[in-house]
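Its first residue numbered 2, the sequence shown is counted upward by one per residue in the working numbering.
Built from N, CA and C at the ideal position, the CB exists for glycine as well.
Keep in mind the model is a prediction, meaning the values are calculated, not measured.
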Amino acid sequence: SHGLTRQPMERSIAEVCPRSWYFGVARSWLLSSTSSDDEEGQGAEEEAEFVLSENHMKTLRKEAKRRGASGKLPAVFLGEGEGWEAPFQESTLEELDVLLDAEELVEVRSVARGKIKKVSETLEALEDSLFCGVVQRRGHSGVLFRPKEDGTGIKLWQSRRGVWTGREKR
(Lines of atoms letter the chains of each structure in order from A; the text may use other names.)
(Lines give C-alpha, C1' and ligand atoms only; values in the text may rest on other atoms or scores of the structure.)
Protein backbone atom coordinates (compact mmCIF):
# COMPACT_ATOMS: atom_id res chain seq x y z
CA SER A 2 0.00 0.00 0.00
CA HIS A 3 3.01 2.30 0.48
CA GLY A 4 4.53 1.57 -2.91
CA LEU A 5 7.53 -0.24 -1.40
CA THR A 6 8.41 -3.74 -2.46
CA ARG A 7 10.90 -6.06 -0.85
CA GLN A 8 13.40 -7.46 -3.27
CA PRO A 9 16.15 -9.94 -2.53
CA MET A 10 19.42 -8.14 -1.94
CA GLU A 11 22.41 -9.22 -3.97
CA ARG A 12 24.83 -7.18 -1.87
CA SER A 13 25.17 -6.94 1.89
CA ILE A 14 23.33 -4.20 3.73
CA ALA A 15 26.70 -2.64 4.64
CA GLU A 16 27.37 -2.05 0.93
CA VAL A 17 23.91 -0.75 0.12
CA CYS A 18 22.98 1.47 3.06
CA PRO A 19 25.42 1.50 5.97
CA ARG A 20 23.69 4.35 7.79
CA SER A 21 20.05 4.44 6.76
CA TRP A 22 16.62 3.02 7.49
CA TYR A 23 15.75 -0.23 5.78
CA PHE A 24 12.62 -2.42 5.98
CA GLY A 25 11.49 -1.28 9.42
CA VAL A 26 14.74 -2.23 11.13
CA ALA A 27 16.13 0.35 13.54
CA ARG A 28 18.91 2.58 12.25
CA SER A 29 22.01 0.45 12.41
CA TRP A 30 25.68 0.93 11.89
CA LEU A 31 27.36 -1.98 10.21
CA LEU A 32 31.08 -1.82 10.74
CA SER A 33 33.35 -4.32 9.11
CA SER A 34 37.05 -4.94 9.03
CA THR A 35 39.08 -7.32 6.94
CA SER A 36 42.22 -8.95 8.22
CA SER A 37 44.49 -11.31 6.38
CA ASP A 38 46.09 -14.34 7.92
CA ASP A 39 49.73 -13.74 6.92
CA GLU A 40 51.28 -16.08 9.52
CA GLU A 41 49.99 -19.20 7.79
CA GLY A 42 50.58 -17.76 4.33
CA GLN A 43 47.06 -18.47 3.15
CA GLY A 44 46.13 -14.84 2.59
CA ALA A 45 42.46 -15.62 3.25
CA GLU A 46 40.45 -12.66 4.38
CA GLU A 47 38.13 -12.86 7.36
CA GLU A 48 35.22 -10.50 7.78
CA ALA A 49 34.55 -9.20 11.31
CA GLU A 50 31.25 -7.37 11.69
CA PHE A 51 29.13 -5.92 14.48
CA VAL A 52 25.82 -4.13 14.31
CA LEU A 53 24.77 -1.26 16.58
CA SER A 54 21.02 -0.73 16.72
CA GLU A 55 19.28 2.24 18.37
CA ASN A 56 18.80 0.21 21.57
CA HIS A 57 22.50 -0.64 21.60
CA MET A 58 23.31 3.04 21.12
CA LYS A 59 21.03 3.94 24.03
CA THR A 60 22.75 1.39 26.26
CA LEU A 61 26.19 2.64 25.24
CA ARG A 62 25.22 6.28 25.86
CA LYS A 63 24.01 5.37 29.35
CA GLU A 64 27.27 3.53 30.02
CA ALA A 65 29.29 6.51 28.73
CA LYS A 66 27.30 8.85 30.99
CA ARG A 67 27.84 6.55 33.98
CA ARG A 68 31.58 6.29 33.32
CA GLY A 69 31.86 10.03 32.74
CA ALA A 70 30.15 10.80 36.05
CA SER A 71 32.52 8.51 37.93
CA GLY A 72 35.60 9.81 36.07
CA LYS A 73 36.30 6.48 34.35
CA LEU A 74 35.68 7.57 30.75
CA PRO A 75 39.08 8.20 29.13
CA ALA A 76 39.34 11.35 27.02
CA VAL A 77 41.65 12.19 24.12
CA PHE A 78 42.10 15.74 22.83
CA LEU A 79 42.63 16.28 19.11
CA GLY A 80 45.17 18.83 17.90
CA GLU A 81 44.32 22.06 16.09
CA GLY A 82 42.74 21.30 12.70
CA GLU A 83 43.40 17.59 13.09
CA GLY A 84 41.07 15.51 10.93
CA TRP A 85 39.44 18.15 8.75
CA GLU A 86 42.32 20.49 7.83
CA ALA A 87 45.22 18.11 8.33
CA PRO A 88 45.44 14.32 8.65
CA PHE A 89 45.31 12.73 12.09
CA GLN A 90 48.65 12.44 13.86
CA GLU A 91 49.98 8.89 14.25
CA SER A 92 50.37 9.39 18.03
CA THR A 93 46.69 10.35 18.34
CA LEU A 94 45.51 7.33 16.34
CA GLU A 95 47.77 4.98 18.33
CA GLU A 96 46.54 6.40 21.64
CA LEU A 97 42.90 6.04 20.57
CA ASP A 98 43.53 2.50 19.32
CA VAL A 99 45.11 1.43 22.63
CA LEU A 100 42.33 3.04 24.67
CA LEU A 101 39.57 1.50 22.54
CA ASP A 102 41.16 -1.94 22.95
CA ALA A 103 41.36 -1.50 26.73
CA GLU A 104 38.21 0.46 27.58
CA GLU A 105 35.73 0.05 24.66
CA LEU A 106 34.37 3.60 25.19
CA VAL A 107 36.56 6.68 24.65
CA GLU A 108 35.61 10.34 24.56
CA VAL A 109 37.24 12.47 21.86
CA ARG A 110 37.33 16.18 22.67
CA SER A 111 38.05 19.41 20.79
CA VAL A 112 36.93 17.89 17.51
CA ALA A 113 37.06 20.48 14.68
CA ARG A 114 37.56 23.48 16.96
CA GLY A 115 35.83 26.54 15.57
CA LYS A 116 34.03 24.60 12.82
CA ILE A 117 30.92 22.94 14.27
CA LYS A 118 29.86 21.80 10.78
CA LYS A 119 33.04 19.70 10.47
CA VAL A 120 32.51 17.70 13.70
CA SER A 121 30.47 14.92 12.06
CA GLU A 122 32.90 14.68 9.15
CA THR A 123 35.89 14.40 11.51
CA LEU A 124 34.20 11.78 13.71
CA GLU A 125 33.29 9.72 10.62
CA ALA A 126 36.92 9.86 9.51
CA LEU A 127 37.97 8.54 12.94
CA GLU A 128 35.27 5.88 12.68
CA ASP A 129 36.66 4.67 9.35
CA SER A 130 40.32 4.72 10.35
CA LEU A 131 39.92 3.00 13.75
CA PHE A 132 37.10 0.48 13.03
CA CYS A 133 34.85 1.89 15.73
CA GLY A 134 31.40 3.42 16.00
CA VAL A 135 30.38 6.92 17.06
CA VAL A 136 27.94 6.50 19.93
CA GLN A 137 27.33 10.15 20.77
CA ARG A 138 28.07 13.61 19.36
CA ARG A 139 27.80 16.60 21.64
CA GLY A 140 29.22 20.00 20.70
CA HIS A 141 32.88 19.55 19.80
CA SER A 142 33.18 16.11 21.38
CA GLY A 143 32.12 12.57 20.62
CA VAL A 144 32.16 9.13 22.21
CA LEU A 145 33.65 6.22 20.24
CA PHE A 146 32.92 2.52 20.84
CA ARG A 147 34.67 -0.64 19.71
CA PRO A 148 33.80 -4.02 21.28
CA LYS A 149 36.54 -6.13 22.77
CA GLU A 150 37.65 -9.03 20.60
CA ASP A 151 37.53 -11.60 23.40
CA GLY A 152 33.85 -10.92 24.18
CA THR A 153 34.41 -9.45 27.63
CA GLY A 154 33.29 -5.92 28.35
CA ILE A 155 29.97 -4.21 27.74
CA LYS A 156 27.22 -6.73 27.06
CA LEU A 157 24.80 -5.69 24.33
CA TRP A 158 21.50 -7.48 23.86
CA GLN A 159 21.43 -9.55 20.67
CA SER A 160 18.31 -10.81 18.94
CA ARG A 161 19.97 -13.01 16.35
CA ARG A 162 19.42 -16.73 16.27
CA GLY A 163 21.79 -18.88 18.31
CA VAL A 164 23.09 -16.05 20.50
CA TRP A 165 21.12 -16.82 23.64
CA THR A 166 22.45 -19.45 26.04
CA GLY A 167 20.74 -20.66 29.16
CA ARG A 168 22.06 -20.14 32.66
CA GLU A 169 23.50 -22.95 34.68
CA LYS A 170 21.03 -24.46 37.15
CA ARG A 171 22.09 -24.40 40.78
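Give me the Cα-Cα distance between residue i and residue j, rounded to the nearest whole angstrom.
i	j	result
residue 57	residue 113	27 angstroms
residue 119	residue 141	9 angstroms
residue 75	residue 84	20 angstroms
residue 148	residue 110	21 angstroms
residue 104	residue 170	32 angstroms
residue 150	residue 106	14 angstroms
residue 73	residue 100	12 angstroms
residue 78	residue 154	24 angstroms
residue 116	residue 168	50 angstroms
residue 102	residue 81	25 angstroms
residue 86	residue 52	30 angstroms
residue 70	residue 108	13 angstroms
Check for me: the beta strand (DSSP E) holding residue i runs from which residue to which?
i	result
residue 142	142-146
With a CB to CB cut of under 8 angstroms and the five nearest residues on each side skipped, what residues in its chain are close to residue i?
i	result
residue 98	131
residue 94	130, 131
Excluding sequence positions up to five away, which residues of its chain have a Cβ less than 7 angstroms from the Cβ of residue i?
i	result
residue 137	62, 65, 143, 144
residue 157	57, 60
residue 121	138
residue 146	61, 105, 106, 133, 134, 136
What did DSSP end up calling residue i once you bin it into helix, strand or coil?
i	result
residue 169	coil
Take residue i and list the residues in its own chain whose beta-carbon comes closer than 6 angstroms to its own, dropping the five residues that flank it on each side.
i	result
residue 89	83
residue 127	none
Every unbroken beta strand (DSSP E) within the region 61-138, with a cutoff of 3 residues, ordered by chain
Annotation note: the region 61-138 contains the following uninterrupted beta strand (DSSP E) runs of length 3 or greater, listed N- to C-terminal: 76-78, 106-110.
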